[in-house]
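Keeping their order, the protein sequence lines are chains A and B.
Taking the working numbering, the leading residue of the first sequence gets 809, the next gets one more, and so forth.
Taking the working numbering, the leading residue of the second sequence gets 125, the next gets one more, and so forth.
Glycine included, C-beta positions come from ideal geometry on N, C-alpha and C.
Structure record follows, encoded as C-alpha cells.
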Amino acid sequence: AQSVTQPDARVTVSEGASLQLRCKYSYSGTPYLFWYVQYPRQGLQLLLKYYSGDPVVQGVNGFEAEFIKSNSSFHLRKASVHWSDSAVYFCAVTGYGNEKITFGAGTKLTIKP
Amino acid sequence: EAGVTQSPRYAVLQEGQAVSFWCDPISGHDTLYWYQQPRDQGPQLLVYFRDEAVIDNSQLPSDRFSAVRPKGTNSTLKIQSAKQGDTATYLCASGIANTEVFFGKGTRLTVV
Numbered sequence: 809a810q811s812v813t814q815p816d817a818r819v820t821v822s823e824g825a826s827l828q829l830r831c832k833y834s835y836s837g838t839p840y841l842f843w844y845v846q847y848p849r850q851g852l853q854l855l856l857k858y859y860s861g862d863p864v865v866q867g868v869n870g871f872e873a874e875f876i877k878s879n880s881s882f883h884l885r886k887a888s889v890h891w892s893d894s895a896v897y898f899c900a901v902t903g904y905g906n907e908k909i910t911f912g913a914g915t916k917l918t919i920k921p
Numbered sequence: 125e126a127g128v129t130q131s132p133r134y135a136v137l138q139e140g141q142a143v144s145f146w147c148d149p150i151s152g153h154d155t156l157y158w159y160q161q162p163r164d165q166g167p168q169l170l171v172y173f174r175d176e177a178v179i180d181n182s183q184l185p186s187d188r189f190s191a192v193r194p195k196g197t198n199s200t201l202k203i204q205s206a207k208q209g210d211t212a213t214y215l216c217a218s219g220i221a222n223t224e225v226f227f228g229k230g231t232r233l234t235v236v
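Here it is in C-alpha cells:
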C-alpha cells in the first residue's frame, strides 16, 4: 500500500520568513513524488515533481523540495514567503508503472503580514 | 491548451436525489481520475480509467456511485440516492501514463 503523511494540518509564518512543509511517504518501489497547491474554490495545481536524479527539485514561484530516501521524506521549502502563498499544500506519491496517485491530507498555510 | 473542464461547479441536493458530474479531460490524455475531497481533507481516489477501461474502482461505493468513460474521452460520475456523507468536492484529473496529472476546478456538492 502507498500512503502520504503530512503531519502539520496548519502552519502559520510571517511574510518574508522561510518555510518548510513536511511530507513523509510510504511506497514499496521507487517513488515519484509531487507537491500540489490548492487555492480556494480551485483545483490542485502542480508546484513541483520528483522522478529521479538530483534530490533537490525546483518548482514554480521559488518553491523547492528535497527527496531524502533514507528518511522517506519529501519536504517542501521556500526561502521567503509572500502573502499570496496562503493556500493548502498537498504532497502526493506514485511510482514507475503505477498510475494510482495517493495524496496526503494537506497543510493549510497562512501568511501573517 | 485547454485544461480539464468540469460541470456543474456547484450542486445542492436533498438526500435521496441523484446527480451527475461531467468531466472533459485535456485532449490526448489517456488516464482520467475522479477524486472525492471532503472539506479540509486531501483528495481520495474513487476511480480511474485508462482510455475507456476502468482500471481501479475499488474505492467507489458501488451501490450508489457509478462512473463511465465510453469513448475514452469525456467521463461522467453519477451518484444515485445521495446521502449527507457525500457532501464534498468532486475533482476530475487527467494525465498521460505515469506523469503528473492536471486537475479541473471541481464540483462542490452539498447534500442537505
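First through last residue of the beta strand (DSSP E) which encompasses residue i
i, result
"Ser834(A)", "832-834"
"Lys195(B)", "It is not in any beta strand (DSSP E) - Lys195(B) carries neither H nor E in the DSSP assignment."
"Pro839(A)", "839-846"
"Asp180(B)", "177-180"
"Val143(B)", "143-148"
Interface partners of residue i on chain B, CB under 9 Å
i, result
"Gln810(A)", "Those within 9 Å of Gln810(A) in chain B number zero; the least Cβ separation is about 11 Å."
"Phe842(A)", "Glu224, Val225"
Any C-beta of chain B under 8 Å from that of residue i
i, result
"Phe882(A)", "no"
"Gln850(A)", "yes"
"Glu872(A)", "no"
"Lys908(A)", "yes"
"Leu788(A)", "An answer regarding residue 788(A) cannot be provided, because it is not within the stretch 809 to 921 covered by chain A."
Own chain residues within Cβ distance below 7 Å of residue i, not counting five before or after
i, result
"Ile179(B)", "Tyr172, Phe173"
Cβ of residue i within 8 Å of any chain A Cβ
i, result
"Ala212(B)", "no"
"Arg163(B)", "no"
"Ala126(B)", "no"
"Arg174(B)", "yes"
"Ile150(B)", "no"
"Asp180(B)", "yes"
"Phe215(B)", "It should be pointed out that residue 215(B) corresponds to Leu in this sequence rather than to Phe. Judged by the 8 Å Cβ criterion, Leu215(B) is in contact with chain A."
Within chain C, the residues that residue i reaches when beta carbons sit closer than 8 Å
i, result
"Ala191(B)", "The chain labelled as chain C is not found among the protein chains of the depicted structure, namely A and B."
Proximal residues of chain A, C-beta to C-beta of residue i below 7 Å
i, result
"Gly166(B)", "Phe898, Phe911, Gly912, Ala913, Gly914"
Beta-carbon proximity list for residue i, same chain, < 6 Å, skipping 5 on both sides
i, result
"Lys202(B)", "Ser144, Ser190"
"Arg232(B)", "Tyr134, Thr213"
"Ser205(B)", "Gly140, Arg188"
Interface residues of chain A facing residue i [CB-CB closer than 9 Å]
i, result
"Thr155(B)", "Glu907"
Residues of its chain near residue i, where Cβ-Cβ distance is below 8 Å and the 5 sequence neighbours each way are ignored
i, result
"Pro167(B)", "Tyr159, Gln160, Gln161, Leu215"
Subject >> beta strand (DSSP E) runs wholly inside the segment 846-917 of chain A, at least 3 long, in chain order >> reply: 852-858, 864-866, 872-876, 881-886, 895-903, 906-911
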